[in-house]
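Student: First the structure, which I've put down as structure tokens, then a few questions once you've had a look.
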Amino acid sequence: MRFVLAGQPNAGKSSIFNSVAGYRSATANFPGSSVTYTVTKALIAGREVEVVDLPGTYSMISSDSVAGEAERYLLDEPYDLIINIVDASRLGRSLELTLQLVELGRPVIIALNMMDEARRRGIMIDHQALAQELGVPVVPTVARLGHGLKQLFREALRHASIGRNPQPPAFDREVEDALAEVAAVIEGLECVPGIPTRFTAGKLLEGDPHVSKRVYGERPELARRVDQVAAQLEEAHGWAADQVVSGSRHAVAHAVEDRVVTHEQPQLGWRERADRLLLNQWTGGPLLVLILGAFFSAVFGIGRRIEAPLVDAFNRLQVAVAAQFPADSLTGTVADGLVTGLAGGVAIVLPYLLPFLVGLAVLEDTGYLPRLAYILDSFMHRIGLHGKSVLPLILGYGCSVPAIMSTRILESEKDRKITAALASFIPCSARTVVIFGLVAAFMGPIWALGIYLLNIVVIVVLGTVMAKRLKGASPGLVLEIPDLSLPDLKTLAAKTWLTLKEFITIAWPLLIASSIVLGVLEWAHAAEPINALLSPLTVWLLGLPAAVGMTLVFGVLRKELTLVMLVQALGTTEISSVLTSQQLLTFTLFVVFYVPCIATIAVLARQVGWRDTTLIAAFTVVVAIVISVAGRMGFALLT
Amino acid sequence: MMTLDTVGIRRQARVIMIDGGHRVRSHLNTLGIHIGDWLTVVQRAPFRGPVLVEINGTRVALGRGIANKVQVDMDGVLEPLSGSEERWGTEH
Numbered sequence: 005m006r007f008v009l010a011g012q013p014n015a016g017k018s019s020i021f022n023s024v025a026g027y028r029s030a031t032a033n034f035p036g037s038s039v040t041y042t043v044t045k046a047l048i049a050g051r052e053v054e055v056v057d058l059p060g061t062y063s064m065i066s067s068d069s070v071a072g073e074a075e076r077y078l079l080d081e082p083y084d085l086i087i088n089i090v091d092a093s094r095l096g097r098s099l100e101l102t103l104q105l106v107e108l109g110r111p112v113i114i115a116l117n118m119m120d121e122a123r124r125r126g127i128m129i130d131h132q133a134l135a136q137e138l139g140v141p142v143v144p145t146v147a148r149l150g151h152g153l154k155q156l157f158r159e160a161l162r163h164a165s166i167g168r169n170p171q172p173p174a175f176d177r178e179v180e181d182a183l184a185e186v187a188a189v190i191e192g193l194e195c196v197p198g199i200p201t202r203f204t205a206g207k208l209l210e211g212d213p214h215v216s217k218r219v220y221g222e223r224p225e226l227a228r229r230v231d232q233v234a235a236q237l238e239e240a241h242g243w244a245a246d247q248v249v250s251g252s253r254h255a256v257a258h259a260v261e262d263r264v265v266t267h268e269q270p271q272l273g274w275r276e277r278a279d280r281l282l283l284n285q286w287t288g289g290p291l292l293v294l295i296l297g298a299f300f301s302a303v304f305g306i307g308r309r310i311e312a313p314l315v316d317a318f319n320r321l322q323v324a325v326a327a328q329f330p331a332d333s334l335t336g337t338v339a340d341g342l343v344t345g346l347a348g349g350v351a352i353v354l355p356y357l358l359p360f361l362v363g364l365a366v367l368e369d370t371g372y373l374p375r376l377a378y379i380l381d382s383f384m385h386r387i388g389l390h391g392k393s394v395l396p397l398i399l400g401y402g403c404s405v406p407a408i409m410s411t412r413i414l415e416s417e418k419d420r421k422i423t424a425a426l427a428s429f430i431p432c433s434a435r436t437v438v439i440f441g442l443v444a445a446f447m448g449p450i451w452a453l454g455i456y457l458l459n460i461v462v463i464v465v466l467g468t469v470m471a472k473r474l475k476g477a478s479p480g481l482v483l484e485i486p487d488l489s490l491p492d493l494k495t496l497a498a499k500t501w502l503t504l505k506e507f508i509t510i511a512w513p514l515l516i517a518s519s520i521v522l523g524v525l526e527w528a529h530a531a532e533p534i535n536a537l538l539s540p541l542t543v544w545l546l547g548l549p550a551a552v553g554m555t556l557v558f559g560v561l562r563k564e565l566t567l568v569m570l571v572q573a574l575g576t577t578e579i580s581s582v583l584t585s586q587q588l589l590t591f592t593l594f595v596v597f598y599v600p601c602i603a604t605i606a607v608l609a610r611q612v613g614w615r616d617t618t619l620i621a622a623f624t625v626v627v628a629i630v631i632s633v634a635g636r637m638g639f640a641l642l643t
Numbered sequence: 004m005m006t007l008d009t010v011g012i013r014r015q016a017r018v019i020m021i022d023g024g025h026r027v028r029s030h031l032n033t034l035g036i037h038i039g040d041w042l043t044v045v046q047r048a049p050f051r052g053p054v055l056v057e058i059n060g061t062r063v064a065l066g067r068g069i070a071n072k073v074q075v076d077m078d079g080v081l082e083p084l085s086g087s088e089e090r091w092g093t094e095h
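Protein chains in written order, with our numbering: chain A, 5 to 643; chain B, 4 to 95.
Right under this line is the structure:
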């Protein structure tokens with residue numbers, strides 16, 4: 005048996021999914037935070053059930069000829085029941101999706117979620133009346149606190165086994181007539197198997213690009229007859245047919261809302277007051293600078309305090325190991341590599357990674373990110389994008405992989421391409437570790453800040469150039485701003501753990517293994533040919549010791565590796581005793597800009613194709629060389 | 004008749020027409036913005052930034068380009084935003 009969780013963005017799908025899946029899908033407080041669907045097996049009343057979490061969708065209308073992931077799944081995949089998660093505080097709008105789901109002719113039950121939020125806004129919903137209006141079971145829930153979920157899944161199981169399909173509510177007469185006419189035209193067509201003709205008829209009248217392509221692709225002659233019906237509808241109403249149909253659904257949804265809701269005095273508190281400052285035209289911008297500034301200085305402050313004692317401890321361990329095993333023997337080299345790899349992960353990467361991930365999760369969960377998009381919209385227009393692109397770019401400071409994946413929330417192909425390319429340039433947490441671990445730690449936080457600002461300048465220039473070169477229109481910003489919310493400790497921990505687990509299970513073993521391999525290569529004098537090969541770049545252009553050549557090669561696997569490998573290649577954690585400030589700066593600049601890591605390249609290729617990915621990767625090397633050479637010369641001039 | 008991007012903060016307006024292509028319309032429709040709906044302009048970002056509107060209990064940010072395509076009617080309404088302490092006009 006398979007249940008599908010469907011609902012509008014921010015309705016709490018992932019929270020409900022997590023309650024059965026045990027934190028495997030991360031939640032965030034901005035629309036479109038889940039871009040692909042996730043499946044889990046759950047045990048409900050002794051039965052094993054598959055639960056599918058679809059990405060949030062406002063409507064079953066696709067904006068492109070390629071259907072959104074949620075729409076595609078609902079139309080094509082087999083499932084037994086739809087659990088429609090409805091945001092009780094936005095009942096009218098949420099019901100517009102419900103009305104479309106009901107038309108699919110499959111069993112539907114409603115999780116009336118965020119009941120606490122609705123109550124706070126003074127919205128009292130009679131859920132039994134709602135169930136009666138729609139002819140489907142309604143279970144009130146507060147997913148965040150786990151209220152009502154047991155009952156929801158029990159009801160889902162019961163309803164799925166009865167398998168009674170809902171009757172869609174009727175629209176106004178003209179729309180109903182038009183739907184019946186189109187349904188008669190497409191009767192017996194098999195291009196959308198298992199989908200009621202009434203649903204398909206509605207989509208054709210609304211001009212849904214995906215359904216239109218499927219139907220007209222097979223029977224092009226039908227287009228004219230459907231257009232005739234649409235024209236009649238347009239004549240009767242004076243609006244375009246798609247507006248009439250969606251307007252009619254809107255009217256039904258709000259009529260249902262009016263019948264089941266009673267309004268009381270809303271209790272608006274700190275959320276409203278905070279928003280007045282955060283979104284204000286005078287205070288919004290300065291507050292943004294303050295918030296991001298506080299974020300980065302907190303990460304640096306906390307990271308530095310954890311790092312120092314850990315580095316000391318590992319230095320002592322290294323000395324002890326060296327005393328035990330002779331340094332020039334193979335065992336000594338392996339033991340030393342092992343300790344360096346361990347130290348790199350625990351003492352250098354984690355101190356900065358952990359506070360960074362927590363901070364990013366706080367920004368996501370409070371709902372500040374959409375506000376950031378609102379404030380930065382006019383700035384983003386200057387580089388040919390719009391505010392929504394800020395979301396992937398900010399995620400890029402965490403990790404480029406989810407950042408590039410989340411470009412799917414953008415409507416136009418052009419915006420997706422540019423944003424994905426720019427996101428790969430954003431210093432991810434791995435690169436942040438290098439910036440903090442080298443430049444901030446040895447040269448001071450001002451220099452680190454300088455690198456971030458320089459990075460933003462480069463991104464602005466690249467964005468402007470790409471926006472001029474690529475064709476296609478950008479539709480502009482249309483973004484829901486969800487209510488601010490206090491971050492929930494459990495979600496924060498879960499989200500941080502999700503990324504951290506990836507580091508511990510995948511990156512760290514890789515760090516240790518690479519560290520040992522590099523040690524052995526050096527012991528066998530095998531690293532020298534590679535270092536020699538790279539020396540025109542490392543020594544001549546960048547003015548670095550030849551030994552860093554290998555670290556740059558390892559850095560393509562994971563960017564954190566460059567830092568740990570640097571420690572290994574130079575043979576000490578006291579990097580400042582071997583490299584000058586100028587060399588540290590040049591090295592860091594190069595690492596920040598050159599080729600994104602392998603994982604990023606793979607996602608980028610899936611998103612923009614191999615041709616563009618190769619182009620971007622080659623281009624990053626050019627940018628990295630130009631910037632690090634400029635940094636090298638600039639530093640010499642400044643000091 | 005005027006366009007949404009010219010409506011002042013805390014003013015209410017009613018959507019009369021949505022210009023622009025099918026995509027713009029369906030995009031606004033999916034977010035619950037339809038012809039005939041009342042909305043309140045909550046904030047306007049500086050430097051020709053987006054307009055923040057409250058509509059059917061939801062807040063939506065609309066870029067100026069899009070707001071320029073939404074034709075609204077004010078019907079002479081000068082009501083302050085509900086729940087707001089500040090009064091619009093000259094009471095003091």
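Yeah, the Cβ is synthetic: ideal placement off N, Cα and C, and Gly gets one too.
(1) Tell me whether S433 of chain A is buried or exposed, calling it buried when 16 or more other Cβ atoms sit within 10 Å of its Cβ.
(2) Taking the straight line between their C-alpha atoms, what separation do you get for A644 of chain A and E185 of chain A?
(3) Please list the residues of the stretch 14 to 47 of chain B that have a C-beta atom closer than 7 Å to any C-beta atom in chain A, keeping them in chain order.
(4) Less than 6 Å between C-beta atoms, sequence neighbours within five positions excluded: which residues of the same chain meet that for L510 of chain A?
(5) Have a look at L546 of chain A and L346 of chain A and give me their C-alpha separation to the nearest angstrom.
(6) Give the straight-line distance between the Cα atoms of V75 of chain B and H30 of chain B, rounded to the nearest whole angstrom.
(7) Residues of the stretch 46 to 72 of chain B with a CB closer than 8 Å to any CB of chain A: list them in chain order, please.
(8) Closest Cβ-Cβ distance between G72 of chain A and chain B: below 8 Å?
(9) If we count Cβ pairs, one from each stretch, closer than 8 Å, do we get three or more for the stretch 353 to 370 of chain A versus the stretch 528 to 542 of chain A?
(10) Of the choices A:A92, A:V8, A:F21, A:A244, whose alpha-carbon is the least far from that of R26 of chain B?
(11) Give the interface partners of S63 of chain A over in chain B, defined as CB-CB distance under 8 Å, in chain order.
(12) Within the continuous alpha helix (DSSP H) that includes A46 of chain A, where are the two ends?
(13) Is S483 of chain A close to chain B, meaning its C-beta is less than 8 Å from at least one C-beta of that chain?
(14) Could you tell me the distance, in whole angstroms, from the CA atom of K154 of chain A to the CA atom of F383 of chain A?
(15) In this structure, does DSSP put R6 of chain A in helix, strand or coil?
(16) Quick check: the Cα distance between A551 of chain A and T624 of chain A, rounded to an integer number of angstroms?
(17) Count the CB pairs spanning the stretch 409 to 429 of chain A and the stretch 492 to 505 of chain A that are closer than 8 Å, and state whether there are at least three.
(18) Could you tell me which chain B residues have their CB closer than 7 Å to the CB of G283 of chain A, listed as they occur along the chain?
(19) Using a threshold of 8 Å, state whether the C-beta atoms of F507 of chain A and F304 of chain A are closer than that.
(20) Here's a check: name, in chain order, each residue in its chain whose Cβ is nearer than 7 Å to the Cβ of Q587 of chain A, leaving out the five neighbours to either side.
(21) Residues in the same chain with beta-carbon distance under 6 Å from M470 of chain A, minus the five sequence neighbours each way, listed in chain order, please.
(22) Have a look at A:L358, A:I306, A:G348, A:P290 and flag the residue whose alpha-carbon is nearest the alpha-carbon of F318 of chain A.
(23) Where does P540 of chain A sit, in a helix, a strand or coil, going by DSSP?
(24) Taking the continuous alpha helix (DSSP H) assigned at P513 of chain A, which residues delimit it?
(25) Once you ignore the five residues that flank A48 of chain B on each side, which residues in its own chain have a CB closer than 7 Å to its CB?
(26) Nearest-angstrom Cα distance between A147 of chain A and Q328 of chain A?
(27) Have a look at the DSSP bridge pairing and note the partners of W41 of chain B.
(28) Report the residue from A:L442, A:L488, A:W527 whose alpha carbon sits nearest the alpha carbon of R280 of chain A.
(29) Nearest-angstrom Cα distance between A259 of chain A and R94 of chain A?
(30) If we ignore side chains and look at the alpha-carbon of each, how far apart do I36 of chain B and V521 of chain A end up?
(31) Per DSSP, D76 of chain B is paired with what?
(32) What number of angstroms, rounded off, separates the C-alpha of T42 of chain A from the C-alpha of S393 of chain A?
(33) For A235 of chain A, does the count of other Cβ atoms within 10 angstroms reach 16, so buried, or fall short, so exposed?
(34) When you compare the CB of D176 of chain A with every CB in chain B, is at least one pair closer than 8 Å?
(35) Going by CA-CA distance only, name the one from A:V557, A:L237, A:L138, A:V179 that's closest to E532 of chain A.
Tutor: Taking the structure as given:
(1) Sequence index remark: in the first sequence, residue 433 of chain A carries index 429 (1-based). That one is buried.
(2) Residue 644 of chain A cannot be examined here, being either before or after the span of chain A that is shown, 5 to 643.
(3) For the stretch 14 to 47 of chain B, residues whose beta-carbon sits nearer than 7 Å to a beta-carbon of chain A comprise H25, R26, V27, R28, S29, H30, L31, N32, T33, L34, G35, H37, I38, Q46, R47.
(4) In the first sequence, residue 510 of chain A corresponds to position 506, counting from 1. In the sequence as displayed, the identity of residue 510 of chain A is Ile instead of Leu. Once the five neighbours on either side are set aside, I510 of chain A has no close Cβ partner at all.
(5) Within the first sequence, numbered from 1, the residue matching residue 546 of chain A stands at position 542. Within the first sequence, numbered from 1, the residue matching residue 346 of chain A stands at position 342. Straight-line spacing of the CA atoms in L546 of chain A and L346 of chain A works out to 29 Å.
(6) The residue labelled residue 75 of chain B in the question sits at position 72 within the second sequence. The residue labelled residue 30 of chain B in the question sits at position 27 within the second sequence. Pairing V75 of chain B with H30 of chain B, the inter-Cα distance amounts to about 17 Å.
(7) Result list: Q46, R47, A48, P49, F50, R51, G52, P53, L55, N59, G60, T61, R62, V63, A64, L65, G66, R67, G68, I69.
(8) As a working mapping, residue 72 of chain A is identified with position 68 in the first sequence. For G72 of chain A, no CB of chain B lies under 8 Å from its own CB, so it is not counted at the interface with that chain.
(9) Using a C-beta cut-off of 8 Å, the stretch 353 to 370 of chain A makes no contact with the stretch 528 to 542 of chain A, since fewer than three inter-stretch Cβ pairs fall below that distance.
(10) Taking the second sequence and counting its residues from 1, one reaches residue 26 of chain B at position 23. Taking only the C-alpha atoms, the option nearest R26 of chain B is A:A244.
(11) Reading the first sequence from its first residue, position 59 is the one you call residue 63 of chain A. Neighbours of S63 of chain A in chain B, taken as residues whose beta carbon is under 8 Å from its own, are S29, N32, T33 in chain order.
(12) Position 42 of the first sequence, counted from the first residue, corresponds to residue 46 of chain A. Careful: A46 of chain A lies outside any alpha helix (DSSP H), inside the beta strand (DSSP E) at 42 to 48.
(13) In the first sequence, residue 483 of chain A corresponds to position 479, counting from 1. Per the sequence shown, residue 483 of chain A should be read as Leu rather than Ser. Yes, because at least one Cβ of chain B sits closer than 8 Å to the Cβ of L483 of chain A.
(14) As a position in the first sequence, residue 154 of chain A is number 150, starting the count at 1. As a position in the first sequence, residue 383 of chain A is number 379, starting the count at 1. K154 of chain A and F383 of chain A: Cα-Cα distance of roughly 46 Å.
(15) In the first sequence, residue 6 of chain A corresponds to position 2, counting from 1. Assigned with DSSP and collapsed to three states, R6 of chain A falls in strand.
(16) To locate residue 551 of chain A, count along the first sequence from 1; it is residue 547. To locate residue 624 of chain A, count along the first sequence from 1; it is residue 620. So the alpha carbons of these two residues sit roughly 22 Å apart.
(17) Under the three-pair Cβ rule at 8 Å, the stretch 409 to 429 of chain A does not count as touching the stretch 492 to 505 of chain A.
(18) Walking along the first sequence from the start, residue 283 of chain A turns up at place 279. Per the sequence shown, the amino acid found at residue 283 of chain A is Leu instead of Gly. The answer, in chain order, is Q46, L55.
(19) If you number the first sequence from 1, residue 507 of chain A lands on position 503. If you number the first sequence from 1, residue 304 of chain A lands on position 300. F507 of chain A is not a Cβ neighbour of F304 of chain A, given a cutoff of 8 Å.
(20) Here residue 587 of chain A refers to the residue found at position 583 of the first sequence. Shown here for Q587 of chain A: same chain residues with a beta carbon closer than 7 Å to its own, the five before and five after excluded, namely G547, L548 in chain order.
(21) Along the first sequence, read from residue 1 onward, the residue named residue 470 of chain A stands at position 466. Sequence-distant partners of M470 of chain A (beyond 5 residues in either direction) whose C-beta falls short of 6 Å from its own C-beta, in its chain, are I422.
(22) As a first step, residue 318 of chain A must be located in the first sequence, where it is residue number 314. Restricting attention to A:L358, A:I306, A:G348, A:P290, the CA atom closest to the CA of F318 of chain A is found in A:G348.
(23) The sequence position of residue 540 of chain A within the first sequence is 536, counting from 1. Three-state result, P540 of chain A: helix.
(24) If you number the first sequence from 1, residue 513 of chain A lands on position 509. Element bounds for P513 of chain A: 512 to 527.
(25) What you label residue 48 of chain B is simply residue 45 of the second sequence in a count that begins at 1. Within the same chain, A48 of chain B has no close Cβ partners at all.
(26) Here residue 147 of chain A is taken as the residue at index 143 of the first sequence, counted from 1. Here residue 328 of chain A is taken as the residue at index 324 of the first sequence, counted from 1. Each residue's Cα considered, the two are about 56 Å apart.
(27) As a working mapping, residue 41 of chain B is identified with position 38 in the second sequence. Beta-bridge annotation (DSSP): W41 of chain B is paired with B:R17.
(28) On the first sequence, residue 280 of chain A is found 276 positions in, with the first residue counted as 1. Closest option to R280 of chain A, Cα to Cα, is A:L488.
(29) Here residue 259 of chain A refers to the residue found at position 255 of the first sequence. Here residue 94 of chain A refers to the residue found at position 90 of the first sequence. Their backbone Cα atoms lie some 14 Å apart in a straight line.
(30) Translated into the one-based positions of the second sequence, residue 36 of chain B becomes position 33. Translated into the one-based positions of the first sequence, residue 521 of chain A becomes position 517. One C-alpha to the other measures close to 60 Å.
(31) Your numbering for residue 76 of chain B matches position 73 in the second sequence. Per DSSP, B:R17.
(32) Translated into positions along the first sequence, residue 42 of chain A becomes position 38. Translated into positions along the first sequence, residue 393 of chain A becomes position 389. Looking at the two C-alpha atoms, the distance is approximately 24 Å.
(33) Start at 1 with the first residue of the first sequence, and residue 235 of chain A comes out as number 231. A235 of chain A is exposed by the Cβ-count criterion.
(34) Here residue 176 of chain A is taken as the residue at index 172 of the first sequence, counted from 1. No, no contact with chain B.
(35) As a working mapping, residue 532 of chain A is identified with position 528 in the first sequence. Of A:V557, A:L237, A:L138, A:V179, the residue nearest in Cα terms is A:V557.
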